[in-house]
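Following: one structure in structure tokens, then a few remarks.
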Amino acid sequence: MALFNLGSNAPQYMEQANFDAAVFRFYSLRHQFQDFQSFWHSKITGPDGREIRQVDNLYAQVGKYPKDDMLRSQLSEACLELEKYWNKKFGTSPESLTLFGVVKSQAEESLTKALAQEVAMKGAPFPSNPEGRVDRLMRNLYQYEHQIAQLNPVRFDDATKIHFFLDGLNEALSSSFKYSGSVLKVLEQDSYIQNEDVTWGRWTLFRDSTGFSDVWIVRIENGRADVFKAVQKLNQDSYELENTSRGIHFDSEIFKAIDKTQIAAFENSEYNLSPPAYFQMLSMLNVSGEPIFERR
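Residues 514 to 809 in this note's numbering are what the sequence shown spells out, letter by letter.
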């Protein structure tokens, strides 16, 4: 297929690089909206002053390829697949948008290279497997994601990490245990399954010395838990992040807390809940080059 109309060879099918770039450009606007439905049905003012659907800018590509009967449905499908993957993994924060921008720039670069190659070859046949464009887009997305740390590493400061680690903190739905003479709470709604071996939880531990509670991001594997990240409240308005992972003194109460976290995580996964904000930050740190999820 030809990306350009070279001579009399008008393009009939959208080539993969063009498809990827079009979808990634459009989806980069997703983060401006609270949910996917609001994004998909949003309206903007067109060049002629009339109000149009934002998605019509994406569908405008369809008319350029008269034989590409699958293109419209594939553009919609690709956006939905992106939503299910990217938004669930990284969320819709400005930080997530920054990461997605690195992905989009890689897709744009791939398109530029494809255009240059086509000019050099004076046109090329349309792809032999246009029906596989959505699958190919997702495979390219994974490759682009894995290149983020090498191409344009994103660094998050402690204030940003603390924001995510504390976001949505609510002790209303929690189970209380004792640890070193203090009250430890497992925040059940924040328990999350990474995979069949690893579970994450958010716990709080009250400190008598300050009258505040520390917040623990806890990693559980093989029945044992480590404090992976900890946030200490220093006073009413300031916090300190402890980035060093440390162990927990195990006793019967801690094992009960671990069991409660794992059970709650399993129940949460049955409802297919999106990961809590702290886990989205862990995922963003991981893709940015910190070995968060590697086995130790």
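All C-beta atoms, glycine included, are put in the ideal place defined by N, C-alpha and C.
What three-state label does DSSP hand L519 in the structure shown? Reliability fails at L519, whose pLDDT of 45 lies under 50, so the model's placement of it is uncertain and the value that follows must be treated cautiously. Of the three classes helix, strand and coil, the one that applies to L519 here is strand, per DSSP.
Here's the rule I'm using: 16 or more other beta-carbon atoms within 10 Å means buried, otherwise exposed. How should V632 be labelled? exposed
C-beta contact flag for M794 and K601 at 8 Å: no
Is DSSP giving T717 helix, strand or coil here? Note: T717 maps to strand in three-state DSSP.
Flag this pair as touching only if the region 646–660 and the region 693–702 have three or more C-beta atom pairs under 8 Å; answer yes or no. no
Member of A530, V728, C592 whose CA lies at the smallest distance from the CA of N683: V728
Tell me whether the beta-carbon of Q547 lies closer than 8 Å to the beta-carbon of S555. no
Is T712 helix, strand or coil when you go by DSSP? T712 sits in a strand when the DSSP states are folded into three classes.
Using the Cα positions of S688 and H762, report the straight-line distance between them to the nearest angstrom. 19 Å
Cβ atoms of V711 and R737: under 8 Å apart, would you say? no
Check for me: the alpha helix (DSSP H) holding W553 runs from which residue to which? 549–553
Integer Cβ distance of V800 from I661, believed to fall under 8 Å: 5 Å
Enumerate in chain order the residues of its own chain whose CB-to-CB distance from E596 is below 6 Å, with the five nearest sequence positions on each side excluded. F549
T558: first and last residue of the uninterrupted alpha helix (DSSP H) it sits in: No alpha helix (DSSP H) holds T558; the beta strand (DSSP E) holding it covers 556–558.
Starting from the Cα of D703, find the closest Cα among F719, G760, A685 and give me that residue. A685
Along the chain, where does the beta strand (DSSP E) containing Y540 start, and where does it finish? Per DSSP, Y540 belongs to no beta strand (DSSP E); it is in the alpha helix (DSSP H), 529–540.
Okay, do the region 612–619 and the region 531–546 touch, 3+ Cβ pairs below 8 Å being the bar? yes
Would you call H544 buried or exposed, if buried means 16 or more other Cβ atoms sit within 10 Å of its Cβ? buried
Give the list of continuous alpha helix (DSSP H) stretches no shorter than 4 residues that lie fully inside the region 774–804. 790–800
Helix or strand or just coil, what does DSSP make of F763? In the structure shown, F763 sits in coil (DSSP, three-state: anything other than H, G, I, E or B).
Residue range of the alpha helix (DSSP H) that includes F806: Looking at the DSSP string, F806 is not in any alpha helix (DSSP H), and its letter there is neither H nor E.
Please state whether DSSP places L654 in a helix, a strand or coil. The DSSP-derived three-state label of L654 is helix.
Helix, strand or coil for E631, going by three-state DSSP, please let me know. helix
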